[in-house]
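In my numbering, the protein residues as written are 21 to 286. Glycine included, each C-beta is placed from N, C-alpha and C at the ideal position. Just so it is clear, the structure is predicted and the values come from calculations on it, not from any experiment. Structure first, commentary second.
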């Protein structure tokens, strides 16, 4: 039985020497860094590093006692910390382009029926991460800081250090941003054959237990915040299962003529 042209490997002729792969990786990393640098330069002119830090600190300052402000215990902190915030904001803004460079490097190793879904994955990953960060900033921070200030004894005047606040914010942003990536992680695990959607449903209870432990570790000592994040992660897990089913069907390799004839004859 002769093989049809459709049975030819779609990746035929796409092999590249290892050195060329390294050069391409270098070029894409440079492009990503340049994009972050350009955005950072623009943000330095407007609104400025100091204004960005004031914006980041606004949820905490709103719940500090009247007249209280954040303090800097390190000599260079008033300069270094706003610069860090500047580059963090630049990275978030340039994140779609950075992720595109990552996927563009991986894309040549994918089949044609998989390449068409690269862009949706890039967009969904970016949007979900940014939604997680925004959810943390606009919703969670208010509840956390209100709880902490309401619990603090009246004999204590809160004066948080700006570096410690930055570390706290980055940790929370990362935790919530990654938590919102649960659907993408589920889709990739199913597509790579690590698990099936049936197994994900079967072990749903174990996931909830693991998610409860994880949220308890990454969230502040506020039961409300932990329950909110747990509910969000659990909901996204269910969304990921449904999305994985659709994704697997969409990225299924097209049947060859012989396979189609065999399946039609049964």
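Three-state class that DSSP yields for residue i in the structure shown
{"i": "residue 176", "result": "coil"}
9 Å Cβ cutoff met for residue i and residue j
{"i": "residue 179", "j": "residue 105", "result": "no"}
{"i": "residue 200", "j": "residue 252", "result": "yes"}
{"i": "residue 288", "j": "residue 207", "result": "Absent from the model: residue 288. The displayed extent of the chain is 21 to 286, so no value can be given."}
{"i": "residue 76", "j": "residue 189", "result": "yes"}
{"i": "residue 220", "j": "residue 227", "result": "yes"}
{"i": "residue 88", "j": "residue 216", "result": "no"}
Assigned exposure category for residue i - 16 Cβ within 10 Å defines buried
{"i": "residue 235", "result": "buried"}
{"i": "residue 129", "result": "exposed"}
{"i": "residue 218", "result": "exposed"}
{"i": "residue 140", "result": "exposed"}
{"i": "residue 213", "result": "exposed"}
{"i": "residue 18", "result": "No statement about residue 18 is possible, as the shown extent of the chain runs from 21 to 286 and does not include it."}
{"i": "residue 152", "result": "buried"}
{"i": "residue 102", "result": "buried"}
{"i": "residue 255", "result": "exposed"}
Near the ligand GDP: residue i beta-carbon under 8 Å from a heavy atom
{"i": "residue 161", "result": "As presented, the structure is devoid of all ligands, the ligand GDP included, so that no description of it is given."}
Exercise for the section: Inspect the CB distances between the stretch 251-268 and the stretch 165-184 and report whether three or more fall short of 8 Å. Expected result: no
Practice task
Taking only runs that begin and end inside the stretch 155-243, name each unbroken alpha helix (DSSP H) of 4 or more residues, in chain order.
Solution key: 161-171, 182-199, 202-211, 217-222, 224-238
Handout entry: At least 3 beta-carbon pairs within less than 8 Å: the stretch 62-73 vs the stretch 144-159
Key = no
Handout entry: the stretch 139-158 / the stretch 82-91 touching (three or more Cβ pairs under 8 Å)
Key = no
Problem - Cβ contact (3+ pairs, closer than 8 Å) linking the stretch 46-62 and the stretch 111-118 - result: yes
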